[in-house]
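There are 2 protein chains.
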Amino acid sequence: MNDFTLHLTTKIVFGRDAESKIGEEAARYGKKVLLHYGGGSIKRSGLYDSVKDSLAKSGLEVFELAGVKPNPRLSLVREGIELCRKEGIDLILAVGGGSVIDSAKAIGIGVPAKCDVWDFYLGKACPEKMMPVGVVLTIPAAGSECSNGSVITNEDGDYKRAVDNQIMRPSFAIMNPERTYTLPPYQTACGITDMMAHIMERYFTNVDHVDLTDRLCEATLRTIINNAPIVLRDPENYDARAEIMWSGTIAHNGLLDTGRIGDWGSHNIEHEISGIYDVAHGAGLAVVFPAWMKYVYHHDVARFVQFAVRVFDVDLAFGRPEEIAEEGIRRLEQFFTSIGMPITLPQLGVDDSRLGEMADKALVGCEYQGHFVPLYRDDVYNILKIAMGK
Amino acid sequence: MNDFTLHLTTKIVFGRDAESKIGEEAARYGKKVLLHYGGGSIKRSGLYDSVKDSLAKSGLEVFELAGVKPNPRLSLVREGIELCRKEGIDLILAVGGGSVIDSAKAIGIGVPAKCDVWDFYLGKACPEKMMPVGVVLTIPAAGSECSNGSVITNEDGDYKRAVDNQIMRPSFAIMNPERTYTLPPYQTACGITDMMAHIMERYFTNVDHVDLTDRLCEATLRTIINNAPIVLRDPENYDARAEIMWSGTIAHNGLLDTGRIGDWGSHNIEHEISGIYDVAHGAGLAVVFPAWMKYVYHHDVARFVQFAVRVFDVDLAFGRPEEIAEEGIRRLEQFFTSIGMPITLPQLGVDDSRLGEMADKALVGCEYQGHFVPLYRDDVYNILKIAMGK
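Each protein sequence line maps, in turn, to chains D and G. All residue numbers for the first sequence refer to my numbering, where the first residue is 3 and numbers rise by one. All residue numbers for the second sequence refer to my numbering, where the first residue is 3 and numbers rise by one.
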């Protein structure tokens, strides 16, 4: 087990009654709130009114910045930074899913910054301070409500880049599973895939003796796998929605990688796909992750056997270790298929015309991708080829 | 799943290099530090010098209050409160295990209090503020390094009482598994039992649909069960010590009871045993917990079957649900025996002469004990009778 520091500074308010606390939590940070969100879905669901009511009751002045898209854009971040500076905003309240939260975090680090905010994403500078960011979560997926990271797309060149820093954890997160009832099945499944990918990125590590976090990862994966079909066939099942929502946070708040080094190759490869094609991040991960697994499992067959046995109940009598490992990957693909996810690039609507370009882009600014097995340009290309299917 | 709020405010610094950060972390809270500890063990191990060095390097003025005993005493807490007020202490640094940390927390809530500190433990008042408390952990067991609770014994009547409050989480915890190498086997096993009991208290709940936290509980229990024999036969095995140490924190920081209501009957019964007999808390729990299980398992056989199957691998073909449940309890007893713990009161050196007195005391100030099954005075007495063994 490696040395680690863990400081989970986000206050979680979870449950049916959570939204009644929005104003109270927001008021701790000042008087002026920037409500940051996507489009009309929070208005249709009534959440928008509920949030505004709660903020008004606490006597807060509300500004708005809507229009966050999936794969949130740098241009809107810049607009938010300007608005916060001009109006002297005290708190950014992100109402939505990972894209809205990531956009809010980007604004939050941009406002006090002396450099351009994109420099943080390029690794040219390190953010030292973030304005307070609160969250009202509507899509369990990215885990950004509690995580230290943010992913932004620079439209000027289709680059999608991440920045991770302890100061980037939201101050509070309001989580009501009922708000996820209206998520369409495809988006529900994308979220489920994203949170599973967050856990699997951490699971495949070269650090030895990580027994507790291995088992916590497996426990969270099994919970998601168990509850996914329930929320898909019964979208208003409170308890199953709650299990999925809380699993999404645990998957990515940092607990599951204490003492270990995750891989993150699949995420970075997927960023190149959704950076160009604007597909849902979760759907892209359902394609990339099994392809990555097939390409790298020989590196540590025992770990893939453990995954197959403990997560997917593959019997040890199934065959040679390699066969057990392959069966684990197959069952992961079957699971993704069962929840309506693609498992090949063509199913995602991506042909092979830009594989080389994506492989090139994945290596911009770094020597290799991934930690479990370092992936160079040709490795990324080969994984994308595998992802084309037969 | 129930609604919940979770705010894990303690910063964890974990690993071989953690102690080098003591001064840096302590200096965030001011200039004057009260070093609070037990006896000579931290001097013999060199930890005392290492802590003083690190504090000195950060330019901090150090005061000392030693003499914390297992089942920490109210009289020393009062002495600490007086000292902190007189010297204007900024941070209490607890160096030791749960007793030292609980004592530090008691001092921490006592210093700013207008009432007598014992009133908090009697439930007559609610603490609103705690002085900053930092921790250098030497005994993985109580989980107090990250928890919101403190247990103190009032020698004037042998009462042992707990107070839990969100404000009572330490500001930081320094955790170096190497510092646990010299723990004697019995104390190591007591700690292991204590952390398992923390998880099991949470596990046995009447709240339905707690899939994720069930599985996280099982994962942590299995990690402890897997690593316990390793640390007992190879006390300087860093990784196994690290798994046990980190498990002890996870067991009790609040994550594992998000959305559920724990029982805590066994803990409260045990407090009456160790309040009178001054036995190790963990050893007392190894006696009480199986006795409690035998007394209550009919209340929810399915939950005890899940425990038996998922934690102790009892095969579903073992027999009727009741038999599977009983086998789970038997395997827990076998595990406790295997790590050198008593499983009956006589093995603990306690005879049946004061069972009635303990049962009476357990009910002082409350109508019943426990939430899974409410235990009245005669229930507690019956559980203590079962704990006498045959």
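Even for Gly, the Cβ is constructed at its ideal location relative to N, Cα and C.
Three-state secondary structure (DSSP) of residue i
i, result
"R163(G)", "strand"
"M390(G)", "coil"
"V135(G)", "strand"
"M343(G)", "coil"
"H38(D)", "strand"
"F337(D)", "helix"
"S394(G)", "The structure shown does not extend to residue 394(G), since chain G is modelled only from 3 through 392, so no value can be given for it."
"K461(G)", "No answer is possible for residue 461(G): it lies beyond the span of chain G, which begins at 3 and ends at 392."
"V316(G)", "coil"
"M177(G)", "strand"
"H14(D)", "Contrary to the premise, residue 14(D) reads as Ile rather than His in this sequence. Three-state result, I14(D): strand."
"V290(D)", "helix"
"I94(G)", "strand"
"E66(D)", "strand"
"S146(G)", "coil"
"E184(G)", "First, the residue type needs correcting, since residue 184(G) is Thr and not Glu in the sequence shown. T184(G) falls in the coil class under three-state DSSP."
"V311(D)", "helix"
"N229(G)", "helix"
"G151(D)", "strand"
"R75(G)", "strand"
"T207(D)", "coil"
"N156(D)", "strand"
"T260(D)", "coil"
Candidates the options: closest to residue i by CA position
i, options, result
"G284(D)", "Y383(D), P323(D) and P142(D)", "P142(D)"
"G400(G)", "Y383(G), K33(G), V70(G) and G61(G)", "Residue 400(G) lies beyond the stretch modelled for chain G, which goes from 3 to 392, so this question has no answer here."
"E147(G)", "G125(G), G100(G) and A282(G)", "G100(G)"
"V313(G)", "R332(G), P187(G), G250(G) and E89(G)", "R332(G)"
"T184(D)", "L357(D), Y370(D), R46(D) and V281(D)", "R46(D)"
"I275(G)", "I341(G), M390(G) and M133(G)", "M390(G)"
"Y297(D)", "P376(D), P237(D), F6(D) and R171(D)", "P376(D)"
"G14(D)", "A293(D), I24(D) and N270(D)", "Contrary to the premise, residue 14(D) reads as Ile rather than Gly in this sequence. Among A293(D), I24(D) and N270(D), the Cα nearest to that of I14(D) belongs to I24(D)."
"F122(G)", "T207(G), H254(G), D166(G) and P348(G)", "D166(G)"
"P129(D)", "L139(D), G145(D), V138(D) and S152(D)", "S152(D)"
"I201(G)", "P134(G), N4(G) and A221(G)", "A221(G)"
"Y299(G)", "L67(G), G330(G), L347(G) and L223(G)", "G330(G)"
"L214(G)", "V212(D), D213(D) and R217(D)", "R217(D)"
"V97(G)", "G136(G), L124(G) and L62(G)", "G136(G)"
Same chain only: Cβ atoms within 7 Å of residue i, ignoring 5 sequence neighbours per side
i, result
"R204(D)", "C219, L258, D259, R262 and G264"
"A361(G)", "R379, V382, Y383 and L386"
"V79(D)", "S105, A108, I109, G112, V119 and I154"
"G193(G)", "I141, P142, A143, G250 and G284"
"H9(G)", "Q168"
"R305(D)", "F206"
"R75(G)", "T155 and E157"
"D354(D)", "M390"
"M132(G)", "K107, G110, I111, I169 and M170"
Sequence-distant residues of the same chain with beta carbon closer than 6 Å to residue i, five excluded per side
i, result
"I91(D)", "K34 and L36"
"I232(G)", "N239 and A242"
"F291(G)", "A199 and S268"
"T11(G)", "R171"
"P134(G)", "Y31, L93 and S173"
"E66(D)", "L37"
Neighbour flag for residue i against chain A, beta carbons, 9 Å
i, result
"Y188(D)", "Included in the structure are the protein chains D and G, with no chain A among them."
Beta-carbon proximity list for residue i, same chain, < 8 Å, skipping 5 on both sides
i, result
"L365(D)", "Q371, Y378, R379 and V382"
"L234(G)", "P187, T190, A191, I341 and G342"
"T339(G)", "I345"
(message) Under 8 Å: do the region 240-260 of chain G and the region 166-184 of chain G share three or more Cβ pairs, one atom per stretch?
(response) Contact annotation: the region 240-260 of chain G touches the region 166-184 of chain G, with at least three C-beta pairs closer than 8 Å.
(message) If the cut-off is 8 Å on Cβ atoms, which residues from the region 206-225 of chain D count as contacting chain G, listed in chain order?
(response) For the region 206-225 of chain D, residues whose beta-carbon sits nearer than 8 Å to a beta-carbon of chain G comprise D210, H211, D213, L214, R217, L218, E220, A221, T222, R224 and T225.
(message) Taking contact to mean 3 or more Cβ pairs, one atom from each stretch, closer than 8 Å, check whether the region 193-203 of chain G and the region 108-121 of chain G are in contact.
(response) No, the region 193-203 of chain G does not touch the region 108-121 of chain G.
(request) Pull out every residue of the region 145-179 of chain D whose Cβ sits closer than 7 Å to any Cβ of chain G, in chain order. (result) Hits within the stretch: zero.
(request) Give a yes or no on contact between the region 49-61 of chain D and the region 19-32 of chain D, applying the rule of three or more CB pairs nearer than 8 Å. (result) The region 49-61 of chain D, when compared against the region 19-32 of chain D, does touch it at the 8 Å Cβ threshold.
(message) Please list, in chain order, the residues of the region 230-249 of chain D that have any C-beta partner in chain G closer than 7 Å.
(response) Cβ contacts with chain G: D241, A244, E245, W248 and S249.
(message) Could you check whether the region 310-325 of chain G touches the region 163-175 of chain G, counting it as contact only if at least three pairs of C-beta atoms, one from each stretch, sit closer than 8 Å?
(response) The region 310-325 of chain G makes no contact with the region 163-175 of chain G: fewer than 3 CB pairs, one atom from each, lie closer than 8 Å.
(request) Give, in chain order, every residue of the region 47-63 of chain G whose Cβ lies closer than 7 Å to some Cβ of chain D. (result) Only those residues of the region 47-63 of chain G whose C-beta falls short of 7 Å from the nearest C-beta of chain D would be listed, and there are none.
(request) Report the residues of the region 5-20 of chain D with a CB closer than 9 Å to any CB of chain G, ordered along the chain. (result) If you check each beta-carbon in the region 5-20 of chain D against every beta-carbon of chain G, the ones closer than 9 Å belong to D5, F6, T7, L8, H9, L10, T11, T12, K13, I14, V15, F16, G17, R18, D19 and A20.
(message) Can you pull out the residues from the region 252-274 of chain G whose beta carbon lies closer than 8 Å to at least one beta carbon of chain D?
(response) Those residues of the region 252-274 of chain G placed with their C-beta closer than 8 Å to a C-beta in chain D are I252, L257, T260 and G261, ordered along the chain.
(message) At a CB distance below 7 Å, what residues from the region 330-352 of chain G approach chain D? Give them in sequence order.
(response) The region 330-352 of chain G vs chain D, Cβ under 7 Å: nothing.
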